[in-house]
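Engineer: Just so you know, our numbering puts 427 at position 61 of the sequence shown, and the rest follows in order with no gaps. Don't be surprised by glycine CBs; every beta carbon is placed ideally from N, CA and C. Here the structure is a predicted model, which means the values were calculated and not measured. Below you will find the structure I want to go over with you.
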Amino acid sequence: MTRPPVPRLLLVTDRRQARADLVDTLAAAVEVVPTGAADDVAVLLRDRDLPAGPRARLAGRLAERLAPRGIRLLIAGDPVLAARVGAAGVHLAAHEALPTGVRPGLLTRSCHDRDEVRAGVRDRLDALVVAPVAPTRSKPGHGPALGTGGVRRLATEAGATPVLALGGVDVASVPHWLAQGAWGVAVMGALMRTDAPDALVADLLAALAAAAPSSTTGARP
């Protein structure tokens with residue numbers, strides 16, 4: 367079975383930090399993704415605290431706005447909702463078990479330590495989102511941050527499973543995290559708080575393109 371390509375840039379939602387309408391922010395952000403590079407970017411709908419109805423409506427709006435650009439949508443923790451809105455996959459929290467039944471496209475999981483990475487490899491996840499790699503304004507005090515050595519160790523532990531670095535990531539630090547073995551990066555707070563999401567995404571994509579990852583496992587045949 368051919369497994370889906372892993373994005374190099376994962377855009378994570380948090381409506382509580384968003385300066386503008388969440389869907390408008392994400393739609394603006396992906397406008398700068400070059401034609402033919404849609405697989406390099408995905409959007410993760412987090413916002414798990416929303417009641418089921420409002421979250422489903424938000425997911426539907428996001429799916430509708432992202433589809434014309436070919437940008438994939440992942441839903442955190444809800445494979446039923448993902449299937450309902452035609453999302454490309456599901457993102458799991460570290461403690462969440464694999465969905466039962468048909469595998470929901472791209473399947474990723476958050477990891478914070480070596481044991482969680484090992485579990486992700488064992489479960490054949492498509493990618494692991496390791497966090498927090500650095501101190502972050504979104505979750506002050508959350509951690510401790512993995513830092514350079516921690517990210518390198520977890521990327522090594524992950525082996526052929528692609529790793530995305532999340533938490534305190536900015537444009538300037540992208541080359542550093544790729545040098546530690548990350549396939550790509552994930553951003554949340556910086557994207558939600560900016561007045562120019564399109565410019566931020568353009569800069570992140572340029573940084574990713576300029577700094578080749580030390581692994582090519584995300585580019586699956």
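Taking one C-beta from the segment 375-391 and one from the segment 550-561 each time, how about it: are there three or more such pairs within less than 8 Å?
Structural biologist: Touching, per the Cβ criterion.
Engineer: So Asp564 and Val398 are in contact, right, with Cβ under 8 Å, and what is the actual spacing, rounded?
Structural biologist: Confirmed, Cβ separation roughly 5 Å.
Engineer: Give me whichever residues DSSP pairs with Ser539 in a beta bridge.
Structural biologist: According to DSSP, which records beta bridges pairwise, Ser539 is partnered with nothing at all.
Engineer: Just reading off the beta strand (DSSP E) that Arg438 is part of, what are its end residues?
Structural biologist: Run containing Arg438: Arg438 to Ala442, per the beta strand (DSSP E) assignment.
Engineer: How should Leu447 be labelled, buried or exposed, when 16 other C-beta atoms within 10 angstroms of its C-beta is the threshold for buried?
Structural biologist: Buried.
Engineer: Under 8 Å between the Cβ atoms of Val372 and Trp549?
Structural biologist: Contact: yes.
Engineer: Which ranges would you report for the alpha helix (DSSP H) in the segment 401-456 if only whole runs of at least 4 residues count?
Structural biologist: Correct list: 418-432 and 445-451.
Engineer: Hey, could you find the ends of the beta strand (DSSP E) Arg519 is sitting in?
Structural biologist: Arg519 -> not in any beta strand (DSSP E); alpha helix (DSSP H) instead, spanning Gly513 to Ala524.
Engineer: Of all the options Val529, Gln383 and Ala395, which has the alpha carbon lying nearest to the alpha carbon of Leu570?
Structural biologist: For Leu570, the nearest C-alpha among the options comes from Ala395.
Engineer: If you follow the beta strand (DSSP E) that Thr379 is part of, which residue opens it and which one closes it?
Structural biologist: Per DSSP, Thr379 belongs to no beta strand (DSSP E) and is neither H nor E.
Engineer: Buried or exposed: which applies to Asp390, given that a residue is buried once 16 or more other Cβ atoms fall within 10 Å of its Cβ?
Structural biologist: Burial call: exposed.
Engineer: State yes or no: is the C-beta of Asp512 within less than 8 Å of the C-beta of Val540?
Structural biologist: At residue 512 the sequence reads Leu, which differs from the Asp that was named. No, these two residues do not count as a Cβ contact at 8 Å.
Engineer: Under a three-way DSSP split, which group does Val389 fall into?
Structural biologist: Correct three-state label for Val389: helix.
Engineer: Per DSSP, what are the beta-bridge partners of Ala552 in this structure?
Structural biologist: DSSP lists Leu376 and Leu532 as partners of Ala552.
Engineer: Take the Cβ of Val468 as the centre, count every other Cβ of all protein chains shown within 10 Å, and call the residue buried at 16 or more, exposed below.
Structural biologist: Per the 10 Å Cβ criterion, exposed.
Engineer: Taking only heavy atoms of the ligand SAM into account, decide whether any of them is closer than 7 Å to the Cβ of Arg381.
Structural biologist: The ligand SAM is absent from the structure shown, which contains no ligand whatsoever.
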